[in-house]
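Chains as they are written, first to last, in the working numbering: chain A, 1 to 120; chain B, 1 to 292; chain C, 1 to 276.
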Amino acid sequence: MKIAFTTTGDSPDSPLDPRFGRATGFLVYDTDKDAFEAFSNNQNLNAVQGAGIQAAQNLASLGVEALVTGHCGPKAFTVLSRAGIKVYNTGLATVSGALNAFRNGELTAAESADSESHWV
Amino acid sequence: MRELVVISGKGGTGKTSVAASLAVLSDRPVIADCDVDAADLHLVFQPVVRERSEFYSGHRAVIRRNICTGCGACRNVCRFDAVGMVDTAPGDSVYFIDSTACEGCGACVRFCPAGAIDFPERHCGQWMVSDTRVGPMVHGRLGTAAENSGRLVSLIRSEARRVANADDRRSIIIDGPPGIGCPVIASVTGATMVLVVTEPTLSGEHDLKRVMELTAHFQIPTWVAMNKWDINPEITLRVEREAAASGAKLAGRIRYDPGVTEAQMNGRAVVETDAPSAYDMAKIWDNLGFQA
Amino acid sequence: MRLVVASGKGGTGKTTVAVNLAKSWGSPVQLLDCDVEAPNTRLFLGGTMLESQVVTISVPEVNEALCNGCGECSRFCEYSAMACVAGKAMVFVSMCHSCGGCSLVCPTGAISEVESRIGTIVTSSFGKTTLLEGILDVGSTMAPQLIRRLKSLVKSGVPAILDSPPGTSCPVVTTMKGADFVILVTEPTPFGLHDLTLAVATTRELGLPFGVVVNRLGIGDDRVHSYCATEHIQVLLEIPDDRRIAEAYSRGELMVDVLPEYAGLFAGLRRELEKR
Ligand code: SF4
Ligand code: SF4
Chain A
1 MKIAFTTTGD SPDSPLDPRF GRATGFLVYD TDKDAFEAFS NNQNLNAVQG AGIQAAQNLA
61 SLGVEALVTG HCGPKAFTVL SRAGIKVYNT GLATVSGALN AFRNGELTAA ESADSESHWV
Chain B
1 MRELVVISGK GGTGKTSVAA SLAVLSDRPV IADCDVDAAD LHLVFQPVVR ERSEFYSGHR
61 AVIRRNICTG CGACRNVCRF DAVGMVDTAP GDSVYFIDST ACEGCGACVR FCPAGAIDFP
121 ERHCGQWMVS DTRVGPMVHG RLGTAAENSG RLVSLIRSEA RRVANADDRR SIIIDGPPGI
181 GCPVIASVTG ATMVLVVTEP TLSGEHDLKR VMELTAHFQI PTWVAMNKWD INPEITLRVE
241 REAAASGAKL AGRIRYDPGV TEAQMNGRAV VETDAPSAYD MAKIWDNLGF QA
Chain C
1 MRLVVASGKG GTGKTTVAVN LAKSWGSPVQ LLDCDVEAPN TRLFLGGTML ESQVVTISVP
61 EVNEALCNGC GECSRFCEYS AMACVAGKAM VFVSMCHSCG GCSLVCPTGA ISEVESRIGT
121 IVTSSFGKTT LLEGILDVGS TMAPQLIRRL KSLVKSGVPA ILDSPPGTSC PVVTTMKGAD
181 FVILVTEPTP FGLHDLTLAV ATTRELGLPF GVVVNRLGIG DDRVHSYCAT EHIQVLLEIP
241 DDRRIAEAYS RGELMVDVLP EYAGLFAGLR RELEKR
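Given below as structure tokens:
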């Protein structure tokens, strides 16, 4: 199973980026391989609008099944749920901290989007 | 990090004068001018620019004249009347794109059979990090016909946070955009508190209602200040009651004071002068308890 | 004649000028409230509502039976109004600019267009003035589309006064295009001057003739006037700073109604404009 984390860095100790669509990048953890892979989210930074929708499509094409992030807007959430990706919102500081919480079952999947703006 | 955003339902209510004074009264602030359509705060703080960056958003179509065969495919697909024609020689013409009408949809680019249309990123403005007598200031400027001030607003806010972190400052005073559109949403989401500066006029009352719906929606603690309250004490009272009933706290009243314009002419914040309304603004700052 | 009343920022008295000018025009005139995000002209006018019409734009609709999930539409759309996941395309109507591109690029003909609401246009009349007011639905960002529709309703042969949104962004440019003359309203203050220079730049970029109205004359200094002199910009009208005007405005009353001494100013402005 692949789990995506939004982050401003590229290692498990990097901070978790609270933004989804305009996150600096993603770290995707593969539970089968026990390995992280980094993806930049650069192409979305200058998007006119809808960065969350684009980012959600990208995650879908990477075969991700879960997303751990700070906040996720309604449009991105719609795309993610259509793609069968569960969203976990957390305020935890780092990717590794969030991964531990995820593994220990401390995070619950969101029922709906928790942020409104399409920029944040 | 604490962020105070000063907004106004409509423009011209004295929002910028209030924001400037609050910035002067606060301890080690970072100032952010998010009124990017008509940024005026720099007139009060005369910033010295430290860094300048270009702001791009979306794309625009540009026809290369030497390749255009004049077939008209672009004009047929464009729904924004952005394609015009120029005569290059008698009986010969090529097309061009009116950049002020182009919405950047890319249909012409895709359907030009000659591949004559480029699609560069659209330069929409600039943003700057500067130094002022009060502290660092992040501000921006949007070009003519540029859209997407919402994105520039978010950019300025996140830069202000970066600057604050780097300089160990804990408060950001934001001069927000007017209205209730996307730029305003971008300026208030996730902020610590919002101060709405309004006037006792029918349109002020009308617009305040819409702003309050917005801040309630995003669950941001909201304060209301009545500027020029003595122009119409009756409406002032009514608006204050309505604001309080819909969950806002009253930050105070500012009297009608020519000293506000006077301060502006001297490039000062009102509280840096002895204008009578300086007292009113100081009181508002105390009431907000933003740094308390 | 098509006149646009604009200003670099809000609150300079743009609506005041537009409404008072319309009211004192004398013969039939059309007034368009193009400030579709915050229309408030009607607060000053009352009048009888004649008609209200819904404004729509064409947006895509996907026929899932024909869609093969190729994703062409979502790759094409510059506004991320389409996404393609789990083998099917989906539409985010509120983000669609109605460019029509997705239906052209879809290889299977799965996309057709349907109408989607962005706002309303209300027509009302008071005296000799017909007011056309554009009201954008809350949450819609398609102001230029609504303004274009509003402008298409102008009857030729009757002068039109367009009350522009403030600023210099897209909706303002959309309002200004095709104008015969632009009136820029400002205040004689440093903020007013700075915002005026932005509005002047926009108007010049569009190649439109324009002049300036100075509102609340007496509150600041003469920097706006010297700027206009150096730039060879005509000052068409000066409205003095009079607390009674502010008070009338606060009650939603018109200057030319309650302070008849100012009616002459607007009659003069009309004559000035008709010289052009
Ligand atoms: S282009 Fe047509 S077939 Fe391809 S995903 Fe879009 S709607 Fe479906
Ligand atoms: S019509 Fe244009 S803007 Fe609308 S969804 Fe299709 S491609 Fe996007």
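C-beta: ideal position from N, C-alpha, C; glycine also.
C/Leu-66 by DSSP, collapsed to three states: which one?
Taken through DSSP and simplified to helix, strand or coil, C/Leu-66 comes out as coil.
Burial state of B/Gln-308, where buried means 16 or more other Cβ atoms lie within 10 Å:
One cannot answer for residue 308 of chain B here, as it falls past the ends of chain B, which runs 1 to 292.
CA-to-CA distance, C/Ser-98 to A/Ala-101, given in whole angstroms
44 Å
Is C/Gly-100 near ligand 2, with its Cβ less than 6 Å from a heavy atom?
yes
Could you have a look at C/Gln-234 and say whether DSSP puts it in helix, strand or coil?
coil
Mind pulling the alpha helix (DSSP H) runs of 4 or more residues that sit fully within the stretch 64 to 89 of chain B?
73 to 77
Quick one: residues in its chain with C-beta nearer than 7 Å to the C-beta of C/Gln-53, no 5 flanking neighbours on either side, listed in chain order?
Within its own chain, the residues whose Cβ lies closer than 7 Å to the Cβ of C/Gln-53, once the five positions on either side in sequence are excluded, are Thr-120, Ile-121, listed in chain order.
Less than 7 Å between the beta carbons of C/Ile-161 and C/Leu-3, yes or no?
yes
Go to B/Glu-199, then tell me how far its alpha helix (DSSP H) extends in each direction, as first and last residue.
No alpha helix (DSSP H) holds B/Glu-199; DSSP gives it neither H nor E.
Starting from C/Gln-53, follow its DSSP beta bridges and name the residues at the other end.
C/Ile-121
Indicate, with yes or no, if ligand 2 has a heavy atom lying under 6 Å from the CB of C/Ala-81.
yes
In the stretch 103 to 171 of chain C, which residue ranges form an unbroken beta strand (DSSP E) of at least 3 residues, counting only runs that do not cross its ends?
111 to 126, 129 to 136, 160 to 163
Taking the alpha-carbon of B/Cys-105 as reference, which of C/Ala-86, C/Ala-81, C/Met-49, C/Lys-14 has the nearest alpha-carbon?
C/Ala-81
Would B/Leu-155 be called buried (16 or more neighbouring beta carbons within 10 Å of its own) or exposed?
buried
Identified DSSP bridge partners for B/Arg-52:
B/Met-128
Members of the stretch 253 to 284 of chain B near chain C, C-beta cut-off 7 Å:
Cβ contacts with chain C: Pro-258, Thr-261, Gln-264, Met-265.
CA-CA distance, C/Ile-147 and C/Ser-140?
If I take the Cα positions, the gap works out to 13 Å.
Within a Cβ cutoff of 6 Å, which residues of the same chain sit near A/Ala-60, ignoring the five residues on either side of it in sequence?
Ala-83
Span of the alpha helix (DSSP H), counted from its first residue to its last, around B/Trp-223
From DSSP, B/Trp-223 is part of no alpha helix (DSSP H) but of the beta strand (DSSP E) over 222 to 227.
Would the C-beta of B/Cys-74 count as close to ligand 2, meaning under 6 Å from any of its heavy atoms?
no
C/Thr-186 to C/Val-212 span [Cα, whole Å]
7 Å
Please name the residue or residues paired with C/Cys-84 in a DSSP beta bridge.
C/Ala-89
Range covered by the alpha helix (DSSP H) that runs through B/Arg-28:
Careful: B/Arg-28 lies outside any alpha helix (DSSP H) and carries neither H nor E.
Under 8 Å (Cβ pairs) to chain C, residues found in the stretch 217 to 234 of chain B:
Within the stretch 217 to 234 of chain B, the qualifying residues are Lys-228, Ile-231, Asn-232.
Here's the rule I'm using: 16 or more other beta-carbon atoms within 10 Å means buried, otherwise exposed. How should C/Gln-145 be labelled?
buried
So, helix, strand or coil for A/Gly-52, using DSSP?
helix
Flag this pair as yes or no: are the beta carbons of A/Asn-41 and A/Ala-23 separated by less than 7 Å?
yes
Could you list which residues in chain E have their beta carbon closer than 9 Å to that of C/Ser-74, in chain order?
Absent from the structure is chain E; the protein chains it does hold are A, B and C.
Looking at C-beta atoms only, is the number of pairs between the stretch 19 to 26 of chain C and the stretch 242 to 259 of chain C that lie closer than 8 Å three or more?
yes
Contact with chain A by C/Phe-210, beta-carbon distance below 7 Å
no
For a test of the three-state rule: what should DSSP assign to B/Ser-8, helix, strand or coil?
strand
Burial state of B/Val-49 (16 or more Cβ within 10 Å):
exposed
Excluding five sequence neighbours on each side, which residues of the same chain lie with their C-beta closer than 7 Å to the C-beta of C/Leu-265?
Taken in chain order, the residues that qualify are Leu-237, Ile-239.
I believe C/Arg-251 touches B/Leu-202 by the beta-carbon criterion, under 8 Å. Please report the beta-carbon distance rounded to the nearest angstrom.
7 Å
Checking contacts by CB at 7 Å: is C/Val-59 closer than that to chain A?
It does not; no Cβ of chain A falls within 7 Å.
Taking C-alpha atoms, which residue in B/Lys-228, B/Gly-72, B/Thr-261 lies nearest to B/Cys-112?
The candidate whose alpha carbon is nearest that of B/Cys-112 is B/Gly-72.
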